[in-house]
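Using numbering that gives the first Met the number 0, read the sequence shown as starting at 0 and increasing by one per residue. Structure, as structure tokens:
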Amino acid sequence: MTSKEYLSQARLLDARINAKIQQVSALNDLATHATATLTGMPRNPSRSESRMAEAVVKIIDLQNEINHDIDELVDLKREITRRVKSNDEYQLLLEKRYLCFMPWEKIAVDMGYSIQHIYRLHDWALREFPVPQET
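Dropping the structure here:
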């Protein structure tokens, strides 16, 4: 795994958490959405309750997954921060990009450098970043 791949894990995990939050929102809408259909046929009154119960169970499961993913993201960010201590400028650049998910242009403005210099700093910082050994 390269330095960039390792650091990019945080962005992917954050995107996965956001997708699950959107799923929970959609399930909440589904669980609270009720429509009445008038027909002359008798129907099972517990059918809508079971649909709601199924949605609630799915919501709880997704919320548990989200909590687990958030714990994993916090641990990953803490580990990245611990590893990025070689140079203050590199540390700031890598944290802004990989932990705050800032675009290159915003990083360049914040740090007072041209975009080309930010790219150079990024390359240098990645070379200095210690990638953990896979076990």
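Glycine included, C-beta positions come from ideal geometry on N, C-alpha and C.
Item: Could you have a look at Val73 and say whether DSSP puts it in helix, strand or coil?; Value: helix
Item: Leaving out five residues before and five after Val55 in sequence, what residues of the same chain have Cβ atoms less than 7 Å from its Cβ?; Value: Ala30
Item: Residues in the same chain with beta-carbon distance under 7 Å from Ser45, minus the five sequence neighbours each way, listed in chain order, please.; Value: Here Ser45 scores only 49 on pLDDT, less than 50, and its place in the model should not be relied on; the value that follows carries that caveat. Hits under 7 Å: none found.
Item: Excluding five sequence neighbours on each side, which residues of the same chain lie with their C-beta closer than 7 Å to the C-beta of Ala18?; Value: none
Item: Flag this pair as yes or no: are the beta carbons of Leu92 and Leu75 separated by less than 8 Å?; Value: no
Item: Please state whether the Cβ-Cβ distance between Tyr5 and Val130 is less than 8 Å.; Value: yes
Item: Among Asp68, Ile117, Asn66 and Glu71, which has the Cα closest to the Cα of Val90?; Value: Residue identity differs from the one stated: residue 90 is Gln in this sequence, not Val. Nearest C-alpha to Gln90: Ile117.
Item: Taking Glu78 as the reference, give the member of Asp87, Tyr97 and Arg126 with the closest Cα.; Value: Tyr97
Item: With 16 other CB atoms within 10 Å as the buried threshold, where does Ala25 fall?; Value: exposed
Item: Can you tell me whether Tyr121 is helix, strand or coil according to DSSP?; Value: The amino acid at residue 121 is misidentified as Tyr; the sequence shows His. Three-state result, His121: helix.
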